[in-house]
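For the record, the sequence lines run as chains F and Z. All you need for the numbering used here is the position in the first sequence, starting with 1, plus 236. All you need for the numbering used here is the position in the second sequence, starting with 1, plus 30. The beta carbon of each residue, even a glycine, is placed where N, CA and C say it ideally should be. Contents: one structure, followed by commentary.
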Amino acid sequence: MAIEPGTVVRMKKDGGPLTLRISIDGLAGWAYQYVTETGTLKGKSTDGGGPERTHPLGTVTSLHLDGHAWTVRVGDVGDDEVTVKVTLTWEQDVDKDGRTEVIHRRESTLKVSAANPADTFKSEVFLVAAADATPLQSDATS
Amino acid sequence: MRYRLPALLGQALLGLLLPVLATPPAAAQAPDSSLDAHYIDFSVPNLSAFTLLGINADRISRPGNVRELATGLTNGFGTRGSLEHGTGLEVALFRVLANPRSLDQYRPIRDRFTLSAAAVREADTTRFGLGFRWVLFDQADPYDSANGLHARIVDVLAAALDSGLTDRQRQIFAQQTGRFFVDVLRSNGRDTTGAELVALFPTLSLGAPADEEVTASAVERRVLAALTLVGIPALTTEQRDRLAAYAAEYAELYRIEQESEPQIDAELEAAIIRVKKEFREEHWNAFSLQIAGGSTFRTTGGPGDLAAEEASAFASLSYPIIPRYGQFLLHIQARYPLQEATGAEFSGAIGGRLLIGSSTRRLSLEALYGANDSRLEAGTSFRFTVGGEFRLADGTYLELATGVNNPEEGGSSFLTLGALRYALRSDRRFAIP
């Protein structure tokens, strides 16, 4: 299980609503959930990788000083070691034409095998509205 | 009717014991894959080559249950009263060549096509059968992701992992501690959205570096050190109290999280086996349809006496008649003799088998009507058997039956049938006990 230190996501305070994209690459079965102030977002897939999942998170005003916890759980019932790349991307609308900007991205590589049939990637984020949403730290871990 | 009970009883016992005493072939060695882990032994395949040879219960072929490699041993008494020993092998050739290793690489139409070969010894004659079998529909195919097994396993993955520290607990903790740091920065006249908050927040998030001691006092020291680094050397009394409370909560949440991990893995394995068992109990009698064909040959062992016997084609389907507890099989077969002496004349057979029971033990009632059968002295025959199918272990089934063969002309005779079947290359890690 990978529990990584939480991160601060800086939203552009005059920007539009935020969206979270989750993509999984390299496994037949996976599940995730994402708990926010307004509820729990859940998803699972039986396809290899499968399409990206997108979840609207809300407006800057509603998300300011909000804490979120997210968990991506991957699993495989085979005996081969399988490597899974998990990517979470926070995007913010920048105009009314639907253009978006990536304000934060987290990546992690998980491994599942016979000895470890499931692996979990957990972290917490804290969202703040800032004048400049440029990330202030590395946006990828593994 | 002519019954010779003492002799028949002796032959019956021998016929029943031979399969049990036979030594199973060694399991094929192959690397496991995600696909193999979905293996479910509903039963072991009916080899088309056995059906072509017309021996034992394989006269009514059960569709479905395609495996990469399956073997069969049969012992019994043929319609002519002689003891038959049959051995056979079936291989899903295209699947073996393609070697799909995950569900998304599995192709039902390609991977449910099999080739088989079998030989049966009857008195001084050995007969061979070569055939193919193609299962066009199989609602119990465990590798077909649309049938629900994989979806159930994914549900297990999600549910089994939803233990330990909940996301809701973590979400509340992240919110509390994030706002704590914002308050501290604000009370010191600092930017509450910039680099200082980015540096402070991870020190009280649950993903602490693994090499650090995770106790309340250690966490508190870590946070105070981080505050000092950003130029905040002291906290108010109220802030110190809040920090102490958060540090204590952190240590407790971290302990819960770490202790849940081994338990999750153990529960996951058990849950997957349980799901597979439920799937087998619900689907052992599912609908399936197959077509098959091939030829038989005969030899007495002498040089150059190998002769083609007949070509044959058949189709069979299975249909659930009682959910979980009953299945009906229908089998239709046509034969064309290839030996000139017998004359080029079509023959055919139609039969059915009723299975009542469970996924591991079931009663079998079988009836077969044959017309114009070149192997029979009479033109038509009717065969009726009663028996059972028993699962001995994962991938190993025993089939026993006894009954009467009643040609239209001539006397009836008893039949005693036994078959021990093995499916190879099954995954053992998730084997159903």
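- Taking the Cβ atoms as the reference, I286(Z) lies roughly 5 Å from L195(Z), within the contact range of under 8 Å.
- Rounded to whole angstroms, the Cβ separation of A122(Z) and R97(Z) is 7 Å, and the two are in contact under 8 Å.
- Per DSSP, V244(Z) lies in no alpha helix (DSSP H) and is assigned neither H nor E.
- With fewer than 16 other CB atoms across the displayed protein chains lying within 10 angstroms of its CB, G334(F) is exposed.
- Interface criterion met: the Cβ of G208(Z) is under 8 Å from a Cβ in chain F.
- Just measuring C-alpha positions, the residue of A204(Z), A147(Z) and P138(Z) sitting nearest P241(F) is A204(Z).
- By the 16-neighbour rule on beta-carbons within 10 angstroms, T297(F) is exposed.
- Interface criterion met: the Cβ of R246(F) is under 8 Å from a Cβ in chain Z.
- Chain F has a Cβ within less than 8 Å of the Cβ of G237(Z).
- In this model, D271(Z) and V214(Z) are separated by some 13 Å (Cα to Cα).
- In the displayed model, L336(Z) falls within coil according to three-state DSSP, outside both helix and strand.
- For A366(F), the beta-bridge partners assigned by DSSP are K248(F).
- Considered as a whole, the segment 201 to 256 of chain Z harbours no complete run of any beta strand (DSSP E) with no fewer than 3 residues.
- Three or more Cβ pairs drawn from the segment 309 to 318 of chain F and the segment 178 to 188 of chain Z lie within less than 8 Å of each other, which places the two stretches in contact.
- The contact set of E240(F) on chain Z, defined by CB atoms closer than 8 Å, consists of G237 in chain order.
- Among the residues facing chain Z, G294(F) is not included, as its CB has no counterpart in that chain under 8 Å away.
- Note on geometry: alpha-carbon atoms of R354(Z) and L384(Z) lie some 14 Å from one another.
- Under a criterion of Cβ atoms nearer than 8 Å, the residues of chain F adjacent to E299(Z) are, in order, P353.
- With fewer than three CB-CB distances shorter than 8 Å, the segment 330 to 337 of chain Z does not count as touching the segment 358 to 366 of chain Z.
- A contact between stretches requires three or more CB pairs, one per stretch, nearer than 8 Å, and the segment 289 to 304 of chain Z fails this requirement with the segment 257 to 264 of chain Z.
- The beta carbon of G378(Z) sits closer than 8 Å to those of I362, Q363, A364, R365, G400, A401 and N402, all from its chain and outside the five residues before and after it, given in chain order.
- Annotation: the continuous beta strand (DSSP E) that includes T329(Z) extends over S318 to T329.
- Against chain Z, the beta carbon of S359(F) has neighbours under 7 Å at G237, listed in chain order.
- When rounded, the separation of the alpha-carbon atoms in F72(Z) and R392(Z) is 12 Å.
- Residue pairing for H361(Z): DSSP places it in a beta bridge opposite S346(Z) and G381(Z).
- Look at V165(Z) here: in three-state DSSP terms it is strand.
- Annotated three-state conformation of K307(Z) is helix, per DSSP.
- For the pair H291(F) and V364(F), the CB atoms are not nearer than the 8 Å cut-off.
- One finds Q205 in chain Z with Cβ atoms closer than 8 Å to the Cβ of D302(F), taken in chain order.
- Using a Cβ-Cβ cut-off of 9 Å, T243(F) is close to V228, F231, P232 and S235 of chain Z, given in chain order.
- Under the three-state reduction of DSSP, H313(Z) is assigned to helix.
- Setting aside the 5 residues that flank it on each side, D355(F) is surrounded in the same chain by M237, A238, R309, V310, G311, V320, L346, K347 and V348, each with a C-beta closer than 8 Å to its C-beta; the list follows chain order.
- With respect to A256(Z), A225(Z) sits apart: the two C-beta atoms are not nearer than 8 Å.
- Within the segment 93 to 105 of chain Z, no residue has its Cβ closer than 7 Å to any Cβ of chain F.
- Neighbours of D66(Z) in chain F, taken as residues whose beta carbon is under 9 Å from its own, are G314 and D315 in chain order.
- The beta carbons of F344(Z) and A316(Z) sit about 20 Å from each other, so the pair does not count as a contact at 8 Å.
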